[in-house]
Each structure stands twice: as structure tokens, then as C-alpha cells.
Amino acid sequence: MSGLVSFFRRLEGPQTVGRGPAFWSLFAVVMMIALAYPLFSDGYTVGNTVYFFVWVFIALSLCLIWGYGGSLSFGQTAFFGIAGYGYGILTLNFGSAYGFTLVALVAAVAIAAFFAALLGYFMFFGRIAGVFLGIVTLAVTLMLERFMAQTAGPEWHIGSARLNGFNGMSAMPPLTIPWPGEPIVLFADVGLYYFVLGLLVFVYLALRILMNSSFGNVIVAIRENPERAEMLGYDVRKYQLITFVIGAALAGISGVLYTAWGQYITPSSMGMTAAALPLIWVAVGGRSDLTSTVVGTLVVLAAFQALTIYGSQYALVFMGVLLVLTVLIAPNGLVLGTMNWLGRLAARLSQRAG
Amino acid sequence: MDIATHVFSALYQFGDAFAFLVLSACGLAVIFGMMGVINLAHGEFIMCGAYVTAATVHAGLPLPLGILVGTVVSALVGVLVELAVIRHLYDRPLDTIVATWGLSLIATQGTLIMVGSTMAGVGTPFGSFQVGDYSYSIYRIVLFCAALGVLAGLYALFNWTRFGVLARATIQVPHMAAALGVDTRLIYSLTFACGAGLAGLAGGLYAPTMTLVPTMGATFIMEAFVTVVIGGADVFLGTAPAGGLLAIVKSGMTSWQGQLFGQIGLLVAVIIVVRVLPKGISGFVLRERT
Chain A
22 MSGLVSFFRR LEGPQTVGRG PAFWSLFAVV MMIALAYPLF SDGYTVGNTV YFFVWVFIAL
82 SLCLIWGYGG SLSFGQTAFF GIAGYGYGIL TLNFGSAYGF TLVALVAAVA IAAFFAALLG
142 YFMFFGRIAG VFLGIVTLAV TLMLERFMAQ TAGPEWHIGS ARLNGFNGMS AMPPLTIPWP
202 GEPIVLFADV GLYYFVLGLL VFVYLALRIL MNSSFGNVIV AIRENPERAE MLGYDVRKYQ
262 LITFVIGAAL AGISGVLYTA WGQYITPSSM GMTAAALPLI WVAVGGRSDL TSTVVGTLVV
322 LAAFQALTIY GSQYALVFMG VLLVLTVLIA PNGLVLGTMN WLGRLAARLS QRAG
Chain B
5 MDIATHVFSA LYQFGDAFAF LVLSACGLAV IFGMMGVINL AHGEFIMCGA YVTAATVHAG
65 LPLPLGILVG TVVSALVGVL VELAVIRHLY DRPLDTIVAT WGLSLIATQG TLIMVGSTMA
125 GVGTPFGSFQ VGDYSYSIYR IVLFCAALGV LAGLYALFNW TRFGVLARAT IQVPHMAAAL
185 GVDTRLIYSL TFACGAGLAG LAGGLYAPTM TLVPTMGATF IMEAFVTVVI GGADVFLGTA
245 PAGGLLAIVK SGMTSWQGQL FGQIGLLVAV IIVVRVLPKG ISGFVLRERT
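Line order of the protein sequences matches chains A and B.
Residue numbering for the first sequence follows my numbering, beginning at 22 and increasing consecutively.
Residue numbering for the second sequence follows my numbering, beginning at 5 and increasing consecutively.
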């Protein structure tokens with residue numbers, strides 16, 4: 022019992038919104054609904070929900086780097102693409118037997134993280150900060166898109182995997198879990214749903230623990246005032262680099278899951294529009310809190326998809342307007358603002374009752 | 005093929021790359037250097053200039069006049085954007101980036117909806133001339149001269165006019181300038197309009213050389229950002245030498261391995277320069293001077 026209490030204590034802290042029995046009971050209810058959801062829904066809708074979940078990882082990565090770390094990175098889609106292509110190349114070459122797809126998942130995320138470490142070394146140890154960081158990461162992303170878009174010819178292949186230029190790669194196997202008897206193939210419906218949901222909850226809770234640990238406090242201290250953090254003896258560059266690499270790995274998870282979900286990946290998943298979307302989800306949700314990011318991402322994605330019925334151009338214009346208005350009117354994000362308001366309301370009510 | 009034709013070919017490619025880098029970057033550099041604002045909608049101002057230029061030429065006006073109209077319209081749009089959005093975000097530089105990105109999304113998709121996926125282009129004027137085995141476009145030479153002209157014009161504007169003096173005073177110590185009676189908000193508006201107008205000019209100048217699509221801004225934006233990052237905050241000590249340096253890298257790599265490697269060369273150059281000179285070339289020069 023005391024072990025459970027101390028576990029919950031590590032999940033709570035000044036860096037995350039939501040604490041106490043009320044929050045965790047709500048969390049449990051949401052979890053129950055999420056677990057029972059496929060029972061009441063058809064395969065297509067469940068697959069579509071998985072698609073929403075897939076994007077939450079990249080949103081969390083931006084939340085970590087931008088919201089908590091204070092460095093605005095436009096490069097998340099680059100890591101998304103690297104991991105997605107990595108997964109495609111690995112599985113097309115080695116197939117899906119013996120649970121290799123899971124190895125490919127880990128390897129592809131590791132490739133993205135390695136690339137981030139390399140880029141991050143040059144940026145953070147070159148003391149690039151603020152707007153320049155955004156520009157360099159954006160330039161890298163656009164560069165990668167252009168590079169992948171021109172790999173149409175047959176000379177562009179890695180092993181037996183053709184890169185296929187602008188049309189992208191396709192027909193890679195979905196994630197497969199080795200099982201005695203018959204391996205479980207996770208197609209984009211119920212199977213993949215539980216896998217991604219489990220991964221999402223794990224990542225969410227792990228990030229809560231990380232952000233409320235001393236590491237998270239240092240990250241926030243650097244965001245608030247880098248000079249002061251440095252004077253207190255922390256090597257700002259190392260902390261920023263580690264955050265950047267963790268963020269890249271999260272974006273990489275998104276990329277792999279996306280590739281495994283739809284069994285394709287194209288260069289345009291790294292382009293300008295693709296890079297703008299995570300920014301919108303995170304900004305609208307509330308970038309400085311994990312829970313608001315998750316909720317905001319799911320809400321905005323659902324709204325975006327509902328609007329796409331009227332044409333995706335209109336939906337994108339609406340997203341742009343939403344982003345500009347959020348920045349101007351509610352810079353902390355709509356979901357976070359609402360949650361803080363609810364929290365104050367609850368506190369006032371309990372005060373009156375007590 | 006003798007040496008002279010080789011030299012001419014290299015110089016021509018250098019000039020072409022230099023003009024592209026400087027013209028696409030100077031609007032961004034003015035806004036960033038003077039106001040510390042990164043305008044991610046820069047590419048869309050370029051697109052605006054190109055579209056307006058093409059529309060005016062289709063309406064029957066000569067090309068130079070079309071370019072002028074494109075420049076002025078972009079500058080006016082710049083004033084509107086500054087009044088509506090940028091003005092409220094001066095103390096939050098990161099949010100400015102995000103907001104201008106939203107604007108860029110609105111502009112690209114809005115143009116796609118209203119004008120369609122492409123617009124009839126404008127023919128490249130002046131024809132071409134022959135040196136050795138290759139033929140060269142005269143218009144590219146005009147663009148190179150235009151880039152030099154823009155740099156000279158900006159130098160004159162910021163050093164010899166009353167607006168330039170007031171703008172530099174506002175940038176250096178804003179509250180002091182305000183105390184001395186300068187309308188700093190007006191200065192910021194005009195500076196932003198100037199940057200937007202320069203972007204429109206770049207769009208107008210390049211309108212005859214490329215296909216007009218709503219996403220054409222993206223072709224310019226990477227080169228523009230790379231030049232500004234390497235150059236640093238000062239237009240003359242930064243953008244011009246950065247344009248020269250990057251033009252050597254880009255034209256060299258392009259003629260060696262093709263266009264893609266030219267761009268990869270740019271990217272590698274920017275990462276290395278940023279590691280060595282975090283404040284760009286102008287930061288390095290200014291530090292040496294003080």
C-alpha cells in the first residue's frame with residue numbers, strides 16, 4: 022500500500038496539472054472507457070482512433086521540448102520521418118518473422134534519437150537558442166523532405182527497399198508480436214488499439230515522473246532563466262541535449278506507429294504543413310502541461326477530421342486561424358486555461374463546503 | 005572550351021546564387037535585424053508579390069510596373085499584419101514565430117482556395133546570349149544587378165534618411181527613442197512594411213522565372229533563413245557577406261554534384277558556421293570592432 026502511495030506521489034508535482042484522489046479517479050474512469058471502447062465500436066472507427074493516438078506521441082515530444090524546455094523545435098517531423106523511413110527500410114529488408122517488427126520499432130526510434138543527438142550537439146553546444154533554434158530545425162526538416170522527394174529513381178534503394186521519391190514507401194508489414202502458436206499481427210484495428218493505448222499510458226506516466234523529478238525541475242528552471250540555472254551549477258547544454266533526444270525518440274515512436282498503422286510513409290509527412298500541425302495541437306492544448314497536450318491534441322485532431330469533410334484546405338485555414346487566435350488571446354493554451362479554471366472552481370467549492 | 009568561358013560560367017552561377025540568396029533574405033533580415041522578429045510568413049509575402057506582379061502583367065501593364073505594384077501591395081499587407089498580429093507579440097519572440105506560421109498556413113491555403121492550384125506565369129524577358137558552348141539568360145544578370153541595387157538602396161535608406169536614423173535609434177534603445185519623441189510604434193510598422201515590401205519585390209523579380217503555385221514561398225524560405233542565420237542581425241555586415249559565402253558553397257556544390265547537393269552544402273555550412281560563430285558573421289565582425 023505504501024509503495025502505491027509513493028508511486029502516486031512521484032506522478033504528482035509542480036510541473037504537472039492534476040493531483041489527488043479526484044484527478045486519479047477521473048483518470049481511472051477515462052482508462053476504463055478507453056479499454057472498453059472497442060467493444061462498443063466497429064473496426065474502422067477504432068482504427069481511426071488509433072490514428073489519433075499515434076499523433077499524441079509527437080505532440081508530447083513538442084510539449085517536452087517547447088513547453089517544458091522552452092526551445093521551439095520545428096524538427097519533430099524530421100525525426101518522425103527518419104523513424105518512419107527507418108522502420109520501413111528495416112522491415113522491408115528483414116521481414117516480420119520472429120518479432121522483428123518490434124526490433125525494427127526500437128531500432129528506428131534509436132536512429133531518430135541518434136540523429137537528434139548529432140544535430141542537438143551542434144545546436145546546443147553552439148549555444149543556439151530562441152528563434153535560431155527554430156530556424157535551424159526547420160531548415161533540416163525541409164532539407165530532409167526535399168532529399169526524400171527526389172529519391173524516385175531505382176538507384177535510390179537500401180537493401181531491397183526502394184525509397185520511391187515523392188510517392189513514398191509502402192507495403193511494409195504491420196507490427197507483429199511473436200506468440201507461441203501463431204504470431205499476433207497488429208492491423209489497424211482492435212489489436213493495434215490496445216498496443217498503442219498501452220504505450221501511450223506508459224509514456225504519459227513516465228513523462229509525468231520524469232518532469233516531476235529533479236531532472237524536470239532543472240529543465241523548467243532552464244526555460245525560466247538559463248543564466249540562473251547555469252550559475253547554480255547545472256550544465257544547461259547537457260540538459261537541453263538530453264531533453265531534445267528524448268523528444269526526438271517520442272517523435273520517432275509516432276513515426277514508426279504511423280508507418281505501421283497505414284503501411285506507408287511519404288516525404289510530405291515532413292513538409293511545412295505536416296510540421297505546423299503538431300505545433301497547433303500543442304499550442305491550442307497548452308504546451309506547458311502533459312495532460313493538456315494529450316487532451317488538446319485529441320480534441321483538435323477530431324475537430325480537424327470533422328472539418329475535412331468540407332475540404333482539407335478549409336480545415337487548414339481554420340487551423341491557422343485557431344493557432345493565431347490562441348497565441349494572441351490565450352497564450353497558455355485553451356485546455357490548460359480551462360483546467361486551471363476548473364481547479365480554482367473546485368478549490369473554492371471545497372473551501373465553502375469545509 | 006578555354007579558361008575564360010569556364011571562369012565566366014562559374015561567375016554567372018555565383019551571381020545567380022548570390023542574387024537568389026540576397027533577394028530572398030533581405031526582407032527577412034530587415035525585420036529580424038531591426039525588430040528581432042522572425043517572420044515565418046516571409047515566403048507568403050514573396051508569393052503575394054509574385055502573384056500580384058503576374059496579375060498586373062496579365063492586365064496589360066509592363067513587367068517593371070507590375071513588380072512595383074507587387075512590392076507596394078506586399079508592403080501594405082505587411083502593415084495590416086503588423087497592426088493585427090505582430091504588434092501584440094513584441095515581448096514574446098517565440099510566439100511571433102508560431103503566429104506567423106499560422107498566418108503562412110492561412111495565406112497558402114487561402115490562395116489555394118481563391119486562386120486555384122496554379123496561376124498562369126509571366127514569360128522571362130530579354131532572351132539569352134551565348135558564351136562558349138552554353139547560353140545564358142540575360143534576365144539572371146538583371147537579377148544580380150537588382151540584388152546589388154537592393155543592398156545599396158537599403159544602405160542609403162538606413163544611413164542617409166531621417167526614417168533610417170529614427171529606425172536605428174528605435175532599435176538601439178527603444179524607450180530612449182520614445183522619450184525623445186519618436187513614434188516607435190509607427191517605426192516598427194514601417195520597418196515591418198519595408199521587410200514585407202522587399203519580400204514582395206523578390207517575388208515580383210522571380211515571378212518570370214518560376215511556376216506560380218501557392219506553396220512557392222517554401223522554395224525561397226530555406227535559403228532566406230539560412231542566409232539570415234549565417235549573416236546575423238545586421239543587413240550589411242551580415243546578409244551581404246553571408247550571401248557571398250553561401251553563393252560560393254551553393255554554386256560550387258551545384259556544379260559539382262547537382263542542385264540537391266547545393267542545398268545540402270548550404271545546410272552543412274549553416275550548422276558549421278552556427279557552431280563556430282553563434283551570432284553570425286555580423287556578430288563576429290561587430291565583436292572584433294568593439
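Note that the Cβ used here is the ideal one computed from N, Cα and C, for glycine as well.
The model shown is predicted, which means the values in this text are computed figures rather than measured ones.
Please classify residue i: is it buried, with 16 or more other beta-carbons within 10 angstroms of its beta-carbon, or exposed?
i        : result
GLN263/B : exposed
GLU176/A : exposed
SER94/A  : buried
ILE350/A : exposed
ASP256/A : exposed
HIS46/B  : buried
ASN295/B : This structure does not reach residue 295/B, given that chain B is present from 5 up to 294, and the question cannot be answered.
ASN185/A : buried
TRP76/A  : buried
LEU241/B : buried
ALA368/A : exposed
ASP63/A  : exposed
ARG166/B : exposed
ALA197/B : buried
GLN113/B : buried
ASP238/B : buried
ILE54/A  : exposed
GLN372/A : exposed
PHE28/A  : exposed
PRO68/B  : exposed
Does the beta-carbon distance from residue i to residue j come in below 9 Å?
i        : j        : result
GLY74/B  : THR215/B : no
PHE145/A : PHE265/A : yes
ALA295/A : PHE101/A : yes
ALA203/B : GLY40/B  : no
ALA150/B : LEU27/B  : yes
ALA2/B   : LEU170/B : For chain B, the structure presents residues 5 to 294; residue 2/B sits outside this window and is missing.
VAL34/B  : VAL157/A : no
LEU98/B  : GLY155/A : yes
GLY341/A : SER108/B : yes
GLY266/B : GLY247/B : no
SER290/A : GLY88/A  : no
GLY82/B  : ALA200/B : yes
ILE230/A : ARG31/A  : yes
TYR143/B : THR213/B : yes
CYS30/B  : LEU158/B : yes
PHE148/B : TYR140/B : no
ALA129/A : GLY147/A : no
MET338/A : ILE110/B : Strictly speaking, residue 338/A in this sequence is Val, with Met absent from that position. Yes, they are a contact pair.
Measure how close the beta-carbons of residue i and residue j come, nearest whole angstrom, since I'm counting them as under 8 Å.
i        : j        : result
ALA211/B : THR57/B  : 5 Å
VAL146/B : PHE162/B : Not confirmed; about 25 Å, so no contact.
ILE286/A : MET190/A : 6 Å
PRO204/A : GLN284/A : Not a contact, Cβ separation roughly 17 Å.
GLY208/B : GLY70/B  : 7 Å
THR197/A : THR312/A : Actually they do not touch by this definition, with Cβ atoms about 32 Å apart.
TYR279/A : GLY105/A : 6 Å
GLY276/A : ALA49/A  : The pair is not a contact, with the Cβ atoms about 31 Å apart (cut-off 8 Å).
TRP302/A : ALA80/A  : 5 Å
VAL356/A : GLY306/A : 5 Å
ALA269/A : ALA137/A : 3 Å
GLY90/A  : ILE243/A : 7 Å
LEU273/A : ILE103/A : What sits at residue 273/A in the sequence shown is Gly, not Leu. Sure, about 7 Å apart at Cβ, within 8 Å.
PHE187/A : ALA160/A : Contact doesn't hold; Cβ gap of about 20 Å is too wide.
Say the cut is 8 Å; is the CB of residue i nearer than that to a heavy atom of the ligand FMN?
i        : result
SER235/A : Although the ligand FMN was asked about, the structure shown includes no ligands whatsoever.
Original post:
If we count Cβ pairs, one from each stretch, closer than 8 Å, do we get three or more for the region 55-69 of chain B versus the region 223-243 of chain B?
Top reply: The region 55-69 of chain B is not in contact with the region 223-243 of chain B.
Original post:
Do three or more CB pairs link the region 103-117 of chain A to the region 298-308 of chain A at distances below 8 Å?
Top reply: No, they do not touch.
Original post:
Three or more beta-carbon pairs under 8 Å between the region 239-253 of chain B and the region 14-28 of chain B, yes or no?
Top reply: Verdict: yes, contact present.
**OP:** Ignoring anything shorter than 4 residues or poking outside the region 289-344 of chain A, list the alpha helix (DSSP H) runs there in chain order.
**Re:** Qualifying alpha helix (DSSP H) stretches, in chain order: 293-306 and 311-329.
Original post:
Using 8 Å as the threshold, is the region 159-176 of chain A in touch with the region 315-323 of chain A, meaning 3 or more CB pairs across them?
Top reply: When Cβ pairs closer than 8 Å are counted between the two stretches, the region 159-176 of chain A is seen not to touch the region 315-323 of chain A, the count staying below three.
Subject >> Complete beta strand (DSSP E) runs within the region 93-141 of chain B (minimum length 3 residues, chain order) >> reply: Counting only runs of 3+ residues, the beta strand (DSSP E) found wholly inside the region 93-141 of chain B occupies 132-135 and 138-141, in chain order.
Subject >> Completely contained alpha helix (DSSP H) runs for the region 99-165 of chain A, where each covers 4 or more residues >> reply: Listed in chain order, they are 121-145.
Subject >> Every unbroken beta strand (DSSP E) inside the region 162-235 of chain A [3 residues or more] >> reply: Entirely contained in the region 162-235 of chain A, not one beta strand (DSSP E) run reaches 3 residues.
**OP:** Identify every run of the alpha helix (DSSP H) within the region 188-227 of chain B, keeping only runs that are complete inside it and at least 4 residues long; order them along the chain.
**Re:** DSSP runs (the alpha helix (DSSP H)) wholly in the region 188-227 of chain B: 188-210.
Original post:
Are the region 65-72 of chain A and the region 146-153 of chain A touching by the rule of at least three beta carbon pairs closer than 8 Å?
Top reply: Here the region 65-72 of chain A does not lie against the region 146-153 of chain A, with fewer than 3 beta-carbon pairs under 8 Å apart.
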